[in-house]
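Take a look at the structure below.
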Amino acid sequence: MESWVKGKPQSKAVMLYGRPGAGKTTLAEALARDYQLELLEMNASDSRNLKDVRRIAEVGATQGSLFGVRGKLILMDEVDGVNAKADYGAIQAILELISNSKHPIVLTANDPWDPSLRELRNMVKMIEVKPLGKTALKKILRKVCEKEKLKCGEGALDFIAEISEGDARYAIDSLQAIAQGYGEVNEETAKLILRRKEREYDPFETLRGIFWARYAWQAKEAVSSSHVDYEMLIRWISENIPVQMEGIEDIWRAYDALSRASIFLKRAKLSGWDLLTYTFDLMGPGVAMAEKGKSKGTWKAKWKKFQFPQYIQLMSKSRENRQVRDSILSKLGKATHTSYNKTLVDTLPFVRVLIERETDIGLALSQEELEYLKGEEKGSTSEARPYSRKRPRGKRS
Amino acid sequence: MSDALWVEKYRPRSLSDIVNQQEIVNRLKRFVEEKNMPHLLFAGPPGTGKTTAALALVRDLYGDNFRQYFLELNASDERGIDVIRNKVKEFARVSVMGNFRFKVILLDEADNMTSDAQQALRRIMELYTQSTRFILACNYLSKIIEPIQSRTALFRFYPLKKEDVISRLKFISEREGVEFDEQGLNTIYEVTGGDMRRSINLLQAASAYGRVSVETVYKVLGMVKPKAILEMINTALAGDFQKSREILRELLVKEGLSGEDLIKQIHRTLLSNDLQIPEELRVVLLDYIGEAEFRLLEGADDEIQLNSVLARMAIYGSKFLSGKQ
């Protein structure tokens, strides 16, 4: 963070991401204080359509501060809470803001991997804010106790820190709740009032939950408590199977289970959503138990990075190419009285040769279609990887 | 219409221009003389002149304005019998002008229709029989239901004879000022097995490289083969799953192939000589490919199902090929 502010920044904006209560907003606020920047804040509860964001941007860019001439820090809190429909254009506006702003911008998000944030991810520096450890949490709680003159047992602190799972906000709120309810904070009162909170998993946690599961229920729980939409989650799993598994038989079993999961998804759509549970069974436990080694006691989780699925961009590119190809085939098929399939197999390959040799084939082909015909089957396809240029992978720093 | 493609440029325009399939041509000429015809069924392998004969027939019947009397449909392109029914209805509704009592509908690849669809087709044929005649074209007669066979006059098309193919290729080459040698043309015939469409396409593509010879013909053949598919299969069989997955993505993205397209091409490659593997392995893989296609039809995801196929290939590869490479 400091190096971003002090050094010559490569990007005007950073995205702080991490679980709730890890300290993203606090960090941004502290930054503003340390560098004496005026904080312009917008968060998810504000409505954030195009106009609103532009207004803030203008205020930030043009008006002098009431407190004299100070720099400004623009904080866009919880950008993943931007509702694609209700906040129509908001992402676009944020992108504009980033490219026009004279001031540094901090974005925060719990889940930066949402597909709608893809463009945004490419424009900002990504910084992960890790959840707090138990010791750090206890330190914070003790400080609060001191200031508020609270009596508080070590056992209670341990318990609160344990169930808060790194969420400082939750820990402090809990402390306050017990103090207000019972006046005294000890292990019993804490246990009376607090329950382990339920929360959803981000994609990386979900994947960890699946690939590292030793029991079917663990994998099932990881899938059902994921906040990643299940169609998207199938992509995440598919991308990571060969990364996380080594044995080819394991890989096959995992893909096989995932393929069954996709079939059950189709069935659920056709015949009733009750069947969706089998989709979850196969994508969770089905994939998790594909690894045979797990049944042995010596099995250990691999610490390999989980990858962001490329499939979405790949498929939209694929769809574009398919449309171009279909339009060529329909022109060719009409001209030569042949069906789509026959044209594909019997005519198209020869037409490619003719186009490559700059022969005019007389059909009114568009530039795009000509490029499609020229662009392919030139030698081996294995090395060239045109799609890897835009591969957005969250940099975890 | 594109006359830059020789297949089309040199398609015989009139029945009299058709040099082979003499028996068929003579029977068709009689329909022209009588200005009447029954429903027809053309059966025979690809590239033997079914479409050409149908087009020549309607041109001879109606003259150059034949288009208004003629509707061309492709069973495999039209989505379902309802689309066909609507198109036929629309076409038959407009009454015929001039001397002709009927219009002609050519329905190609009729053997790609399910038997239910063919039953529906039969009813359509009966319904509009006053105003239309159907020419059904198919590769496999056995796939046409009997009620249709019994209501149509059958014409069987056979693969063209070698001398017919070669003389046509020579004729075209001379017209186009293309140099060739005898061996080059022989090679074309050998690899296409008398399929005129493929022969002419191959001739034109080879001529783009200069003299049509054994070399240029094989050069083109090498280019039109789906190399990436073969490479993907070989890579998977050799055990490099990751790399074969990369090729798969290329094919899905760059070529815009669908899962089913790919499975069909893999299927074709498994049966071809380009893939050199033990015959046993071929059969095992074919079985699994069939299973994969079935799953795709059931709604399995393209990329995931194909990844599963590649992983399976890697497993079988290590069982069947280990030590033999």
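First to last, the protein sequences are chains W and B.
The first sequence: position 311 = 311 (my numbering), numbered continuously.
Take any residue in the second sequence, count from 1 to its spot, add 1000: that is its number in my numbering.
For glycine and all other residues, C-beta sits at the position ideal for the given N, C-alpha and C.
Can you say whether residue i is buried or exposed, counting buried as having 16 or more other CB atoms within 10 angstroms of its CB?
i	result
W/Phe-159	buried
B/Pro-1278	exposed
B/Lys-1035	exposed
B/Asn-1099	exposed
B/Leu-1297	exposed
B/Arg-1093	exposed
B/Glu-1280	exposed
B/Gln-1021	buried
B/Leu-1154	exposed
W/Trp-273	exposed
With DSSP as the reference, label residue i as helix, strand or coil.
i	result
W/Arg-54	helix
B/Glu-1279	helix
B/Phe-1100	coil
B/Asn-1074	strand
W/Leu-150	coil
W/Ser-226	strand
B/Val-1220	helix
B/Ala-1004	coil
W/Tyr-215	coil
W/Lys-130	coil
B/Ile-1018	coil
W/Val-185	strand
W/Glu-41	strand
B/Leu-1297	helix
W/Leu-363	coil
B/Met-1232	helix
B/Leu-1271	coil
W/Tyr-278	helix
W/Tyr-372	helix
W/Tyr-201	strand
B/Ala-1238	coil
W/Ser-339	coil
W/Asp-114	coil
B/Val-1094	coil
Which residue marks the beginning of the alpha helix (DSSP H) containing residue i, and which one marks its end?
i	result
B/Tyr-1316	1302 to 1321
W/Asn-440	Residue 440 of chain W is absent from the model: chain W starts at 1 and stops at 397.
W/Asn-240	230 to 244
W/Leu-107	That residue, W/Leu-107, is in no alpha helix (DSSP H); its beta strand (DSSP E) goes 105 to 109.
B/Glu-1126	1115 to 1127
W/Phe-350	348 to 356
W/Ser-408	Look at the range of chain W in this structure, 1 to 397, and you will see that residue 408 of chain W is not part of it.
B/Val-1058	1050 to 1062
How many angstroms separate the CA atom of residue i from the CA atom of residue j?
i	j	result
B/Phe-1031	W/Glu-371	46 Å
B/Ser-1095	B/Lys-1143	33 Å
W/Glu-187	B/Leu-1248	58 Å
B/Asn-1186	B/Val-1253	38 Å
B/Glu-1190	B/Ala-1206	15 Å
B/Ala-979	W/Ile-328	This structure cannot settle anything about residue 979 of chain B, because the visible part of chain B is limited to 1001 through 1325.
W/Phe-204	W/Asp-111	10 Å
W/Gln-218	W/Lys-334	56 Å
W/Trp-113	W/Met-126	11 Å
W/Glu-41	W/Lys-305	34 Å
W/Leu-75	W/Gly-133	26 Å
W/Leu-194	W/Gly-18	23 Å
B/Leu-1169	B/Asp-1017	15 Å
B/Thr-1051	W/Met-289	56 Å
W/Ser-65	W/Lys-72	With a pLDDT of 49 at W/Ser-65, under the threshold of 50, the predicted position of this residue should be treated as unreliable, though the coordinate-derived value follows. Cα to Cα, the separation comes out at about 8 Å.
W/Lys-149	W/Ile-178	14 Å
W/Lys-151	W/Gly-23	25 Å
W/Arg-267	W/Thr-25	43 Å
B/Gln-1119	B/Gln-1149	12 Å
Could you please give the first and the last residue of the uninterrupted beta strand (DSSP E) stretch that includes residue i?
i	result
B/Phe-1134	1132 to 1138
B/Leu-1103	The displayed chain sequence assigns Lys, not Leu, to residue 1103 of chain B. Element bounds for B/Lys-1103: 1103 to 1108.
B/Glu-1255	That residue, B/Glu-1255, is in no beta strand (DSSP E); it is neither H nor E in DSSP.
B/Phe-1042	1040 to 1043
W/Ala-13	13 to 17
W/Leu-270	It is not in any beta strand (DSSP E) - W/Leu-270 instead sits in the alpha helix (DSSP H) that spans 248 to 271.
W/Lys-72	72 to 76
Looking at chain D, is there any beta carbon in it that lies within less than 7 Å of the beta carbon of residue i?
i	result
B/Ile-1304	Given the protein chain composition of this structure (W and B), no chain D is represented.
Any heavy atom of the ligand NAD closer than 6 Å to the Cβ of residue i?
i	result
W/Trp-303	The ligand content of the structure shown is nil, which means the ligand NAD is not present either.
Requested in this report: Could you tell me which uninterrupted alpha helix (DSSP H) segments, each at least 4 residues in length, are contained entirely in the stretch 280 to 336 of chain W, listed from first to last along the chain?
Outcome: 311 to 336
Query raised in the report: Which ranges does the beta strand (DSSP E) cover as unbroken runs of at least 3 residues, wholly within the stretch 1142 to 1216 of chain B, from first to last along the chain?
Result: 1153 to 1156
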